[in-house]
Structures are given as C-alpha cells and as structure tokens.
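Peer 1: One structure coming up, written as structure tokens, with questions to follow.
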Amino acid sequence: MLRGTAVFPSPFFRTWNAEFIKHFSCSEIKRMSDSILATNLSGMINLLAQANTSDVAQKASGEVSFFQSGTFGFLLLLAVMFLGWFLAKSISSSLRLPEYRSRLMLAIMPIMLGGLLIYSGWPPRFGVDLRGGMNMVGSLNLAGFPEENRPKVQDIIDQLIKRVNPSGTMEIVIRPLGDDKIEVTIPDVTSAEADNIWQLLVSAGKLEFRIVGHGKFHEAEFNRAEEEAANGYRGKAILDEDGKKIAFWCPIARVELEPGQAVPAVIPYKYSPDSTQLFRDQNTGNIVSFRNMPLSRDQDLHGADFARYCEENGIRPQILMIEPRPDENVEGSHLAVVSRGTDNTTGRPIVQFETTAEGAGQLGMLTGMNEPTPGGDKRLLGIVIDDKLHSAPSINSRISKRGIIEGDFTVKEIDDLVLKLQSGKMKAALNKNPISKNFVESLLGQELRSKGIWAIGVSLLLVLIFMVFYYRFAGIVAAISLVLNIILILAIVMAIQQPLTLTGLAGLVLTVGMSVDANVLIFERIREEMDRGSTLRMAIRNGFDKARTTIVDANVTTLITAIVLYTVGTEQVKGFAVTLILGILISMFTAIFCSRIIFDIAERKRWLTKLSMTRILDKKKFDFLSKIGLTGVMSALFIGLGIAGMFLLGSKLLDHDLRGGSTIRVVFDQPQEIEEIRETLKNKDLEVKGEKIEFSVASFGGADQDPADKDRIFRVDSNLPAWEGGPESEKWVQLDELMTELFPGKLKLHKVDVLSGAGADVGSWKTQSPVRTASWRSAPAVASILAGPTMMLQDEGAAEPSISADPETTEPQDENAEQSEPSTDEEDDKPVLTGGDLPVDEDPEVGNGGGLSFTTETAVKIDPPILGKSLRSEIVESARRLEMELEDEQIVLISDAILEGENADGTVSDSWTIKLNVPQEKDGAAIINKWSEDLNAQPYFPTSSKVGSQIAESMRVNAALAIIFSLIGIIAYIWARFQNIAFGLAAVVALLHDVLVVLGMIALSHYVFDMLGFSFLGIDKFKISLEIIAALLTVIGYSLNDTIVVFDRIREVRGKRKQITSDMINTSISQTLSRTILTSVTTFVVVFILYCFGGEAIHGFAFSLVVGVIVGTYSSIFIASPALLWLMNTIGLSPEPVDDEKKIAGQV
C-alpha cells in the first residue's frame, strides 16, 4: 500500500485532462475510453509521486541527506514534469505543430517518470518464488470462542507485524485471508529461519510488569549479580544461595521505525541508564556504567545518544530487574481491556486499562509493596514485552483494578503503547502449525528469475521483428508502443512496490503478445479505409476512431477476469493479475494515444505519404458456418474425452494446493533409477485421515541441465497433507521427513568445508568498556535519558492525583517534611506513575575498565551456494543452540561474489569468509563448529510445499467463485454494451467450451505421459492448481477478446437490421480474419516460448495458455458466432432494430 501519495495541483491537472478529453470527445464510447485512459494516466503519475518523510528518523540519525528526503523526491518530480512540458513545447515548436503540445506533454511525462523510476529503483522487488523464501498460511485458534463473538484475524495483524518486524526493516508481508486465516511471506530465508519466524508469530506475546532494580532497595540482588559477573557468569537468571531466582538481566528494546521510514544510523533505545540501577554488557557479562556518557541538549535525542555510545563501545546493555513473588506476578493475561481514551480535563490522549479480578489483586500487591518511601525515593515499574524492557514509569502509589496512563503523549505514541500492552493480550492466537507452506531455495529462485527474464527478452524481440517486417512503418510504431508498454508496467510495479512473481513475469510475457492486438486492430482498420479509397490522413483518423470501441470492449472484459483473479488469488497469482491489469490499461494508452501522435505528426510533416503493409489474405470471403457440422463433432470429441479423463482421475487431477498434500524437489547424491524410487514409495503403507497416501515421481531435465545432475533430481508429489495441529500422538510424518527416512545415505546433504581459521584468533581488540562505580548506593540519581512523559495510573472513580508529578530536586529531603499518604481505600485510590521525574547528576564520574572482544575469521566453502542473509541467520541460530548470545551486527560476511553497490545479505555464493566478534576466543570456534555440524547433517531440498485440507478446501471454493463471478461479469458487460443478452450468452458458451477443452487436455496429458513413458514435446502429468486457474481465467479473457472483435464487426455489418444471417457472420469473420490470425500467431509465439523456456514452475501454466490460445481463436469463429446466430434467430432473442452511426461496411 502506498503512503504519502501526492496529488498534482488541480489547475494543471484540469488543463491536462481537458486537452486529453478534447482530443477524443466524439461519442459516448470515445468519452468512456478517454475516461479509462485519463484515469490510468493520472493514477499512474499519482502513484509515482510519493514523499515519505520522518522527523523522528531525522532526529535519531542526526541529519538525513537532502538528496534522500521526500522533499527532494517531490522537487525531482516537479522537475521531470517541467522538463516534459519544456520538451513538448520545444518539439511542437520545432515541428510547427503547436496544437500537439499538450498531447506530446501527456505522452512524454509518463515516459520520463517511468524511466526515472526504473533507473533510480532498479531492480524491482521479486517475490519469494524468484528470490527464494517461504510463503505460509496459518489459521486462528478459535477454540472456546462463541460463534457470535469470534475474533477476526484483522484484529491481530498489527500486533503480529510488531512482534516479528518491530523496526520495519524486514521484508515480511503479513496479510489476512478472510476472517480466520493469515498469509505470511518471508523472502530470502532458509526453511529453518522461516520456521523460527513462524514460531515467533504463534507464540503468545509475553507481557510482564517487573520492578526495575534500585541500589537502595535491592542491595542483596545487586551484590549477588556483581559476584556472578566477577565469576564470569553470563546467564540471565540471578539465583540466591538456595537456588531461588531473585533477579534477571533484561535487554532494552529499541524504538520501532514506521513502515517506509528511512533507517537511521543509530536506532535509539527506549529506556536509558539511571545511576541507581545496575547494567551489564551482554557481550562480556561485565558490569558497566554510563556516567561519563555525553548527552545532547535536546532530550528527544538522548535515546540516540545512549544507542550511539553503546555501539561505539561495543556494549549490548542489559538492566537488572527484580523477580516478583508469586502473589506479585502481573502478566498480560491479567489485563482484561486495553484501549485508547481521552482525558476529560486536558483533552490529551491516554491509555485506559482494566485488570481481571486476579490481576487487580496481583497488581495491587506489586505496587503496594513498592510505594514511595517517606523520603520520596521511588521505584520503577518496568513494562517488559517479549523479554525486553520497553518503558519504566515510577510508582507514586498503589494501583489496582482499573487505571489510566497519561502524559504528554501524541496520539501515535498512545496507539503504540496500547499495541505493546495488547501484544501480550491478543484477542486470539494462531494455531501452532501452518496449514500451508511453500518454500523456494534462493539459488533456485535466481535460476527461475533468469529464465523468466530470458523468455521476456526473446518473445519481445521476436514480436518486434515480426511487426516491423509485416507492417513496416506501422510496425515501427507498434514496436515503440510495446517498449513503452514494458517500461510503464515495470515503473508502476516498482512504484506500488508489488513483488514481481514468476507468474507476474509470465503475465508480462503474455502482455507483450496481447498488447499487439490493439495495434493490429488499428492497422487493419487503416488498411480497410485505404482499400476504400480514403486519403492517408482520413484513413488514419477513421482507423483509430473505429478501432477504439472494439479495443475498449475487448480489454474491459479481459480486465474483469484479471480483477477477479487479483481478488481471490494467492500472493503469486496476485503478481500475475497485477501485471495483466497494468498491461491491459497501459496498452490502451500506448496504442490509442501514443501511436496516434506518431502517425499524425508523421503524416502532417509529410514523412509518411504512403502506408505499405504486407497482406496475407486478399479480401476473400469464407463460408465458415458450412463447417459447423465437422467442427461440432471435433469439439464434442475433445470435450468428451477430456471429461472422461477428468472423471477417471478424480481428485488425482488436482494439485496439492487444491487437494491438500505436499510436493518436494529431491536431490540424490548419486544417479537413481526412477522406477526404484517409485517402488520404494509405493511400498510405504501410509494412511492419513482415512485416505491412503499416494505418491508420484517425475524426473527433472532439460536442455540447460548440468549433465552431472542427470537422474539425480526428482519431483515427488503426494496427497500427504500438511500437519495442521492437534495432539502430538496423532501427528503424521511430513514428506521431507519421509524422504529422509526412506532414502538414508542417498540424499544430497549440505556440505561445509572449513578452509582456514576455524576458531582462530586472527586479531583481537580491547574495548574500553565502562564499568559501574559504587555510586548506585548513594550518588544523586541521573535523569532517565529518555525523559518520558508523566504517566498516571488511576483507579476508576478516583479524583485528581494526590501526588504531584513535578520533577524532584537534588536537594536532600527534609525527614520532617509533610508527606502525602496514599489512600488505602480501593474506591479512593489516586496512584500515580511518573517517568522522567528523577534529578540530573550535575557531576557524573566515570570509571574505565576492560572487556576483551575477539574477532575470529573463518573461510568456508559451501555446497550448494547459500544466501548471505540465510548464512547469517543460521550462525545466529547455532549460537542460540549453544546458549550463547550472538546478534547480526556481530557477524561480518565477505565474499568475492558481492558486486559493487550490493551487500552480503543479498548475495548468493559458495565461498564465504566469516568474521565473528565474540567475547572469548573459544566462542568463535564453538559457533562455527556447531553451525557446520548442523548444516552438514541437513538434506538439500531446493523447493517444498505443504498444504492442509482446510486451506485446500478454501482454495477450491475461491477458484470456483472466481470463474463464476468472471462469467457473470462478462455476461453483464456484453449485455450492456451490445444491448442484447444473446451476445453475452453466446460469448459464455464459447468460454465454457474453451475451459472444458483446456481442462480436458490437462487430464489427457496424464494418459499421454503414461502411454509413452516419457515427456513428449514437454507434455507432463499436469495438475489443476491455482496457477492453472489463473491460466484458465486468462484464456477466458483472451478468447473473449477475439470473440468481441468478431461480435463488434457483426454489429457493424448488421447495421439497423433486426435479424442476423449466416452471410453477415461469414462476412464479419472474413473481414477480421487477418487480425485474428496475426494476433493469435504473435500471442502463440510468446506463450510457446514461455512453455519451452519458462521453467518447470510455470510449465503447466504455460501449457494451459498454449492450448487456450489455439482453442480460443477456434471458438471465436466456430462456437461463439454460430451460437449467436442460433440464440437470436431460433429462440427469439433478437432485439428491436437499433440505431448505429456507422454504415454497413464490407458486405460482399
């Protein structure tokens, strides 16, 4: 979703659109097409005009470069607009065609903006199938919720995002699927890394209220922590002599960044040191002090000062927190309600909360035991979320069942605090096991991406050559239009940050073929006008005017199917739908508008005096309807065989995403006989949910396959569904586990060769880590570096707080001074929490001590190559298994494969040098050894996908609804446009024919493969998947495009006549036959290239398109037109005569 979308000044925009409309205002259809084009153009430019700024990020990082700011982007946008206007003015003046200035400006500006965006933002974002990663679908655990009051997944989306991506810097996409399912897309991760993120999502967000350690009140805990640190202890829990936990070390959370916010050089901590508290360095376990830390004058920058100081000194701070007694333990489950409110007196936003009955007692005990002393010393109540300290307001009095937190907050800060408090109290949790998992290894993703880009390049080149050869000057114009089409599609895809998936690339390839159609329609209309003796200028004008209606009708109906596809599709299918939608809209803009400008200028300047075109058909009229008997038998035969095949195959025809099941790509260490693999799997007697588990095995191959991989790589499909949760005793084996079990010692494993330096200390440096002085017992307190707003927790019905929130002074308290005694009455509680009311130490002292950090360097060779980001994650996970603390910033990855301008995380390489910054020399060797040991034991599965029966059923319903809604929308639109339901029904008859033939061919592919025993012409055992459904909807759109071209010509030829005759239909089809053949050939070429070279992942998708292009062309002639004749003349659907501005043309 775009944020901060800019809108152009209205006078300029009105002028722009006025010129656009003026150019096309001719009839109702023209106005409609102009609206579509103008909306497309203005919307595209608005999408590109984004200015994302953030004062918080600027403060946290110092000063953001002006050239990286949203202001600069907006100024650059204005500069491009001005330059476009200037170029348009210059060109029109030099050509002495001032009337074309506005039109040239409309054409030049989008092109310049698109080119600028592509240049500045290249490469585009790729989906997980083209870059590697995981796509998972999970469901809500609704057990115990009444039917009428069930929570929805939308209620927890924000909390889940904050949990796994608090900084907003990770490319994790979380979106709802209906009310009870959620889809999580995580690019550039290994399967294990994705599983860790999933566990973070499904684990309950842990919210705890804990007392922050204070030297005056917790001397025993401080002494014990110091003793443990002196003995080299680095664990989190602090135990007393009896082994009882009395305190713990707690990391400090950092400030969360807004989505799209620039990442500052230093991300501030949310809480900062006070000299009454005890801190240690998580890296070394040493006690540290921050009394000599420099502070900015602006308190808003103190969090960044603290973070910067820690990073400069290599410190990862942890603060000592006190372990509560059982009756003082307050957690997220004790909060009943948390919401945002408004203070009635000040009008400021506040946080309101209510505790449960148990929580009221627990919180009352916790705060009551930690009230201020008579001398005015206060303790802090820490808000700990997911084991990190987020805030610590001071306790002014006892708090119980209901309260508020107020202060000088903004609405955004209040919302963030509410979200944090709710993260430990989500309305519902996710089930622990995902119901669908789809994993693609990074190296395979890059391979698929290369194939997709190659297919686009080849298909585009062939189409351009053909168009130039066949149409000559007009072909050059079409070539320019096609190139502009690709540029603008990519620019908008990048502007809206839509990940480009493999099916998205396929949509781009298909757009190349389909966008030719608009140009061909125009050129053939121009040819017809010239055949009638029109002058070149008149032929150009009439050709564009007459083709416009057909182009709009044909594209809008295809647009309907694309929009439905986007609505119900998965993330991968959405990528295809987006490129198809953009391709349809932009092809109208480039063909109708941009091409017209080139033709007009060339003709007016006499550069074009004669328009020559190749002709394949010479004004011949064919009697197509006389062949209906033969074609009817052929169609019935294909459909009958297909339906029989589908009936016999049953659910086996469905892929795992529509049936429920698993698929995996298996790599063996040595060549294998495929029959032996099939026999081994066949002998595995396995039954799940009363259904026998079956397996199918197919080998991988191709012209570009490495000979060493022959007979080593196989795809295994199964109806073994994903485990969706339940009692552990009922859990069934998963396909990857099964393959490991059935083929021990035969599968290819990851291989790590440590070349040099494992665990060696190749260099160490000593950090001057500050150490704590004894000032925590007696020195005046240092103000919290994040001087937080005053916070007040107040019970329901309480009056004004009895204790002032004014900051304390550094003057000693008079022991006889009058103190405000907190009320003990539950109804009269006036408790107050303040954050930032501690005095400033005017003369801080510092003591320096030493803590050694060692940098270990290890060179490794990894097979297969690994993504740097995944390598870093695996090393961190190995350290965790050793119970060591290691974070990403302690790891430096170096490889010769890292290109200039790129980083290690986005690089795939088999040779890495790993540098670890660790507290002790032996730690580096231990971590590397553990990592290599774990990785060497893992089988290598490049791709895997698991779908549970629950999500499969949902997908089947969505697929059926997508087809039904598409057909209904098509009937409605054609009925409205042609003023006769017969046209809509005839079109749907042809579409149903096409869908049944394509499905039948998919079913027959199983029998062809089994009969031959090998893949003939690339024909495999194709199965119906969501990608195939996407292909079917595309075939519907393409076939409809052809059909509407014929129907539009039938309407023109019929004129005002009531009846439609066979002669009219034959004339109409013959007149459009040249266009039909040319469009079909160019589209077939691009989908055939996709079929041959697009890769295995979209092989079935491309097969469906190849069949669909052939059968769609056939049906528009031999199914749709005869059906229209029968509906109008046989069952009486012929309407009253209608007016038509056009003359009856081309009757023979």
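Sequential numbering of the sequence shown, starting at 1, is according to UniProt numbering. Ideal placement from N, C-alpha and C gives every residue a C-beta, glycine not left out.
1. For Gly178, which option in Ala547, Ser139, Asn231 has the closest C-alpha, if you only look at C-alpha atoms?
2. Leaving out five residues before and five after Arg1049 in sequence, what residues of the same chain have Cβ atoms less than 7 Å from its Cβ?
3. To the nearest angstrom, how far is the alpha carbon of Arg881 from that of Pro123?
4. Any contact of the stretch 467-480 with the stretch 537-552, i.e. 3+ C-beta pairs under 8 Å?
5. What does Ile898 pair with, by DSSP beta-bridge criteria?
6. Should Thr284 go down as buried or exposed, given a rule of 16 or more other Cβ atoms within 10 Å for buried?
7. My output table needs one value for Phe74: the three-state DSSP class, helix, strand or coil.
8. Give me, in chain order, the residues of the same chain whose beta-carbon lies closer than 7 Å to that of Ile108; leave out the 5 immediate sequence neighbours on both sides.
9. Going by the DSSP bridge assignment, what does Ile692 pair with across the sheet?
10. Using DSSP with H/G/I as helix, E/B as strand and the rest coil, what is Ala859?
11. Check whether the Cβ atoms of Leu104 and Ile540 lie closer than 8 Å to each other.
12. With a 10 Å radius around its C-beta and 16 neighbouring C-beta atoms as the bar for buried, classify residue 1149 as buried or exposed.
13. May I ask you to list the residues that DSSP assigns as paired with Tyr269?
14. Check this for me: beta carbons of Phe474 and Phe523, under 8 Å apart or not?
15. Taking the alpha helix (DSSP H) that Pro110 falls in, what are its first and last residues?
16. In the structure shown, what three-state DSSP assignment does Phe439 receive?
17. Roughly how many whole angstroms lie between the Cα atoms of Met134 and Ser870?
18. Which value, in whole angstroms, describes the spacing of the CA atoms of Leu113 and Tyr119?
19. For Arg615, which of helix, strand or coil comes out of DSSP?
20. For Met739, collect the residues of the same chain with a Cβ closer than 6 Å to its Cβ; drop the 5 residues on either side in sequence, then sort them by chain order.
21. Return the chain-ordered ranges of every alpha helix (DSSP H) run that is complete within the stretch 332-375 and spans a minimum of 4 residues.
22. Could you give the distance in angstroms between the alpha-carbon of Ser878 and the alpha-carbon of Leu381?
23. Check whether the stretch 635-652 touches the stretch 1003-1011, counting contact only when three or more Cβ pairs, one atom from each stretch, lie closer than 8 Å.
24. Only counting the same chain, and skipping five residues up and downstream in sequence, which positions put a Cβ closer than 6 Å to that of Gly1108?
25. What number of angstroms, rounded off, separates the C-alpha of Leu893 from the C-alpha of Asn936?
26. Got a sec, what are the start and stop residues for the alpha helix (DSSP H) Thr549 sits in?
27. Just verifying my parser: in three-state terms, what is the DSSP assignment at Lys432?
28. Glu874 to Glu193, Cα distance in whole Å?
29. I'd like the span of the alpha helix (DSSP H) that includes Arg1054, first residue to last.
30. In the structure shown, what three-state DSSP assignment does Thr503 receive?
31. Between which residues of its own chain and Ser909 is the CB-CB distance below 6 Å, once the five residues before and five after are set aside?
32. Using CA atoms only, rank isn't needed, just tell me which of Glu676, Val573, Ala1030, Leu320 is closest to Ser289.
33. Among Ile157, Ile174, Pro273, which residue has its Cα nearest to the Cα of Leu389?
34. Taking the beta carbon of Trp607 as the centre, do at least 16 other beta carbons fall within 10 Å, making it buried, or is it exposed?
35. Whose C-alpha, out of Asp1042, Ile981, Arg659, Leu996, is nearest the C-alpha of Trp1126?
36. What residue range is occupied by the uninterrupted alpha helix (DSSP H) comprising Gly645?
Peer 2: Quick look at the numbers:
1. Ser139
2. Ser1068, Gln1071, Thr1072
3. 37 Å
4. no
5. In the DSSP output, where bridge partners are listed per residue, Ile898 has none listed.
6. buried
7. helix
8. Gly84, Leu87, Ala88
9. Note on identity: in this sequence residue 692 is Lys, with Ile being the wrong assignment. Answer is Glu687, bridged to Lys692.
10. In the structure shown, Ala859 sits in a strand (DSSP, three-state: E or B).
11. no
12. The question about residue 1149 has no answer, for the chain in this structure spans 1 to 1148.
13. The partner list for Tyr269 (beta bridge, DSSP) reads Arg254.
14. In the sequence under discussion, the amino acid at residue 474 is Ala, which differs from the Phe named in the question. The Cβ-Cβ distance between Ala474 and Phe523 falls below 8 Å.
15. 101-121
16. strand
17. 12 Å
18. When the Cα atoms are used, Leu113 and Tyr119 turn out to be separated by approximately 10 Å.
19. coil
20. By the criterion of a C-beta distance shorter than 6 Å, Met739 is surrounded in its chain by Val666, once the five residues flanking it on both sides are discounted.
21. 357-368
22. 34 Å
23. With the cut-off at 8 Å, the stretch 635-652 and the stretch 1003-1011 touch.
24. Only Val998, Val1035 meet the Cβ criterion.
25. Their backbone Cα atoms lie some 20 Å apart in a straight line.
26. 536-568
27. It is coil, neither helix nor strand.
28. 7 Å
29. Annotation: the continuous alpha helix (DSSP H) that includes Arg1054 extends over 1026-1054.
30. helix
31. Pro865, Ser895, Ala897
32. Minimum Cα distance to Ser289 is reached at Leu320.
33. Pro273
34. exposed
35. Ile981
36. 628-649
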